[in-house]
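Going by this note's numbering, the sequence shown opens with residue 81, and the numbers climb by one from there.
Note that the Cβ used here is the ideal one computed from N, Cα and C, for glycine as well.
First the structure, in the form of structure tokens, and then the observations on it.
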Amino acid sequence: MSAGGQRHALLTPAQMALADRLAIEGGIAGVALMEAAGRAVADAVMDRWSATTVCVLCGPGNNGGDGFVAACRLREAGWPVRIALLGRLEDLGGDAALCAQAWGGPIEALGPAALDGAGLVIDALLGAGLSRPLAGAPLAMVEAANRSGLPVCAVDVPSGLDGATGRALGAAVRADVTVTFFRRKPGHLLMPGRALCGELLCADIGIPDAVLDAVQPDCRANHPDLWIGHYPWASLESHKYRRGHLLVVGGDTMLGATRLASQAAARMGAGLVTLAVPPAAWPIQAGALTSVMVACLPENGALGEALADERRNVVLIGPGLGVSMRTRAQTLAVLSTRRPCVLDADAISSFAGAPDLLVEALHEACVLTPHEGEFARLFPGLEGDKLSRARAAARACGAVMVLKGADTVIARPDGQAVINDNAPPELATGGTGDVLAGCIAGLLAQGMRPFEAACAAVYLHGQAAAGFGPGLIAQDLPDELPGVLAALRARSRAED
């Protein structure tokens with residue numbers, strides 16, 4: 081695994097437990113890891129809030145041990161601290177028991193009354209490996225913390241959150257800050273976990289990066305480190321044909337969708353972009369587009385002539401086409417060429433009820449970009465968390481799957497996956513998915529491999545939206561891309 085892959089690896093709770101064990105077997109005392117974790121939590125609290133009475137909610141496991149350490153450090157700094165413990169002190173074992181002994185102060189029973197008079201809560205109640213919904217005292221405590229409106233700093237994950245899937249198992253703490261250790265977990269990035277965690281900090285507690293060679297993580301957070309070495313920057317030797325010729329298949333309704341996609345592909349650097357549309361749409365699109373060529377399809381929508389030019393090395397199909405047998409036939413015609421392609425929107429939904437027909441035609445140079453509704457139409461029986469579903473779909477299709485959302489997952493057929501976490505809420509507006517499809521296709525046209533092209537496009541799409549901010553509409557995104565690309569190129573040159 082590359083250094084970039086190591087930095088951005090996401091570990092499931094089981095993989096994190098293995099990393100802990102390997103570090104301890106390598107000579108690092110478990111209590112030293114716990115002390116480092118607790119100090120990181122206390123430091124995060126002191127960096128963000130003024131001194132106030134802190135209620136530390138401690139569970140019976142290692143999370144509780146981290147909470148005891150944080151309580152000690154805050155007390156040393158002069159903060160008033162109270163601890164509420166789930167269970168009995170004498171039942172604590174291992175390193176957690178040692179840290180509880182170091183506290184040596186009064187301990188209250190876990191319950192909503194523990195919050196009386198508190199100005200801040202540290203949630204060290206339950207760990208990331210929770211496998212069942214909360215009940216009893218933990219449930220009452222979490223609900224009371226959420227009702228209180230007090231700021232919350234969560235240890236590792238907010239209690240009630242599954243660190244592997246991002247799912248809230250019934251009630252879960254809504255944290256303002258979450259401090260995790262060594263590496264983040266998928267549940268920190270997947271919704272609703274991303275929202276429940278608040279600000280996410282990842283602290284170095286002394287676990288060596290070398291343990292990742294044995295852990296072998298198969299999921300990472302999207303970041304330029306993962307794909308910038310494959311980015312197809314233009315060179316002095318470049319010309320428009322070397323930078324690829326993208327064919328976008330358009331329809332005669334919802335004309336803005338393919339217009340947005342075509343403009344985005346051009347902004348991403350595709351040397352040529354041709355939008356092929358039915359006769360009724362040709363004068364409208366030809367009058368609206370200048371940097372994109374507009375070709376006229378025959379009345380029946382047949383793509384034979386449009387696909388005959390082999391210089392059109394990549395195809396984008398789906399935005400604005402409508403769900404129909406014609407769209408299905410056009411999609412199968414595109415796939416029969418075996419060219420790299422992006423299938424979006426109606427090119428996916430048109431196979432509802434006949435998913436095997438599409439799956440059998442797909443190949444490894446395809447990228448599919450469904451949102452949750454389109455995904456459900458293609459894979460109606462596929463259940464589970466978002467990461468698992470994206471992986472299963474990629475494996476079944478033998479193609480790259482981009483399952484979109486605030487927590488977009490990009491999955492390869494071999495199970496490797498990336499979770500994107502830079503998408504701002506402003507992207508929740510019509511047409512932004514069309515822009516993303518164009519971004520991916522524009523990178524494919526320039527020879528970028530499908531998985532890396534999808535990861536890069538999703539990240540840059542998020543950066544463009546974040547740079548624009550409130551008031552964003554889809555047509556703003558292509559014009560934001562040059563600034564984002566300039567910053568990326570500056571970064572690339574600085575690292576060379």
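Between Ala190 and Pro213, is the Cβ-Cβ spacing less than 8 Å? The question names Ala, but residue 190 in the sequence shown is Leu. In this structure, Pro213 does not lie closer than 8 Å to Leu190 by Cβ.
For Ala109, the three-state DSSP class (helix, strand or coil): coil
Please return the same chain residues whose Cβ sits closer than 7 Å to the Cβ of Gly464, not counting the five positions on each side in sequence. none
Mind checking whether Ala479 and His451 have CB atoms under 8 Å apart? Cβ atoms of Ala479 and His451: not closer than 8 Å.
Quick one: using the 10 Å Cβ neighbour count with 16 as the cut-off for buried, is Met96 buried or exposed? buried
When you compare only the Cα positions, how much space is there between Gln61 and Glu170? Here the chain has residues from 81 to 576 only, and residue 61 is not among them.
Quick one: residues in its chain with C-beta nearer than 6 Å to the C-beta of Phe261, no 5 flanking neighbours on either side, listed in chain order? Ala117, Ala283, Ile285
Counting only the same chain and skipping the five closest in sequence on each side, list residues whose C-beta sits under 6 Å from that of Ile201. According to the sequence provided, residue 201 is Val. The question's Ile does not apply to it. These residues qualify, in order along the chain: Cys135, Ala225, Leu230, Val232.
Could you check how far apart the C-beta atoms of Ala491 and Ala474 are, in whole angstroms? I think they sit under 8 Å. 4 Å
What number of angstroms, rounded off, separates the C-alpha of Gln543 from the C-alpha of Val482? Whole-angstrom Cα-Cα distance: 17 Å.
How many angstroms separate the CA atom of Glu279 from the CA atom of Asn500? Approximately 16 Å between the Cα atoms of the pair.
Going by alpha carbons, who is nearest to Arg300 out of Thr488, Gly547, Ala570? Thr488
Could you spell out where the beta strand (DSSP E) holding His451 opens and where it closes? Run containing His451: none; DSSP gives neither H nor E here.
Give the straight-line distance between the Cα atoms of Ile520 and Ile287, rounded to the nearest whole angstrom. 37 Å
3-residue-minimum beta strand (DSSP E) runs that sit fully inside the stretch 156-198, ordered along the chain: For the stretch 156-198, the full-length beta strand (DSSP E) segments reaching 3 residues or more read 161-165 along the chain.
I believe Leu281 touches Val259 by the beta-carbon criterion, under 8 Å. Please report the beta-carbon distance rounded to the nearest angstrom. 5 Å
What does the alpha-carbon distance come out to for the pair His303 and Ala456? 28 Å
Selected residue, minimal CA-CA separation from Val237, among Glu223, Ala220, Ala275: Ala275
Span of the beta strand (DSSP E) around Thr354: 352-357
Pairing CB atoms from the stretch 95-112 with CB atoms from the stretch 157-169, are three or more of them under 8 Å? no
Assuming Leu383 and Val414 make a contact with CB atoms under 8 Å, what is their CB distance in whole Å? 7 Å
Leu335 to Asp146, Cα distance in whole Å? 56 Å
Residue range of the alpha helix (DSSP H) that includes Asn226: 216-228
Between Ala89 and Ala432, what straight-line distance do the alpha-carbon atoms span, to the nearest angstrom? 35 Å
Ile287 by DSSP, collapsed to three states: which one? DSSP places Ile287 in coil when its eight states are reduced to three.
With DSSP as the reference, label Glu279 as helix, strand or coil. Glu279: strand per DSSP, three-state reduction.
Same chain only: Cβ atoms within 7 Å of Met114, ignoring 5 sequence neighbours per side: Asn142, Gly145, Asp146, Val149, Asp175, Cys179
What is the DSSP secondary structure of Ala204, reduced to helix, strand or coil? strand
Proximal residues to Leu562 (C-beta, below 8 Å), its chain only, five neighbours per side dropped: The sequence as given places Pro at residue 562; Leu does not occur at that position. The answer, listed in chain order, is Arg347.
Can you name the start and end residues of the alpha helix (DSSP H) that Asp426 belongs to? 426-429
How about Ala337 and Ala356: do their beta carbons lie closer than 8 Å? no
Own chain, CB closer than 8 Å to Lys320, minus 5 neighbours either side, in chain order: Gly351, Leu352
Let's test the definition: count the other Cβ atoms within 10 Å of the Cβ of Trp598 and tell me whether it reaches 16, buried, or not, exposed. Residue 598 lies beyond the residue range present for the chain, which begins at 81 and ends at 576; the question has no answer from this structure.
Nearest-angstrom beta carbon gap, Ala99 and Leu91 [assumed within contact, 8 Å]: 6 Å
Roughly how far, in whole angstroms, is the beta-carbon of Leu340 from the beta-carbon of Asp514, given that I think they are within contact range, below 8 Å? Here Leu340 really is in contact with Asp514; their C-beta atoms are around 4 Å apart, less than 8 Å.
DSSP state of Arg300, grouped into three classes? strand
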